[in-house]
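*Asks:* In the numbering used here, the protein residues as written are -4 to 62. Glycine included, C-beta positions come from ideal geometry on N, C-alpha and C. The structure under discussion is supplied below as structure tokens; questions concerning it will follow.
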Amino acid sequence: MPKMKTHSGAKKRFKVTGSGKLMRQKAGKRHLNEHKPTKRTRRLSVDAAVDGADLKNARKLLGKRAR
């Protein structure tokens, strides 16, 4: 059986913390920010933890990185 490759899209989207948590960027801050309140864009800047329902899938895509 060949080695599993890390999913290229997943490795760009998720970061693993020192304690092993998976972090992700919040949606809605890529473009069209001019009309959004500064308070909202600041709130969207903070990384969020990956939801428990998606965790198993995300770890599988990351392979050894997520361990």
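1. Restricting to Cα atoms, I'd like to know which of Lys31, Lys7 and Arg25 is closest to Met18.
2. For Ala48, which residues from the same chain have a beta carbon less than 6 Å from its beta carbon, with the 5 sequence-adjacent residues on both sides left out?
3. With burial defined as no fewer than 16 other Cβ atoms inside 10 Å of the residue's Cβ, what is the status of Leu57: buried or exposed?
4. Quick one: what's got a C-beta closer than 7 Å to Lys16's C-beta in the same chain, skipping five residues either side?
5. DSSP three-state call for Arg37: helix, strand or coil?
6. Which word fits Ala61, buried or exposed, when buried means at least 16 other C-beta atoms lie within 10 angstroms of its C-beta?
*Replies:* According to the structure shown:
1. Lys7
2. none
3. buried
4. Ala44
5. helix
6. buried
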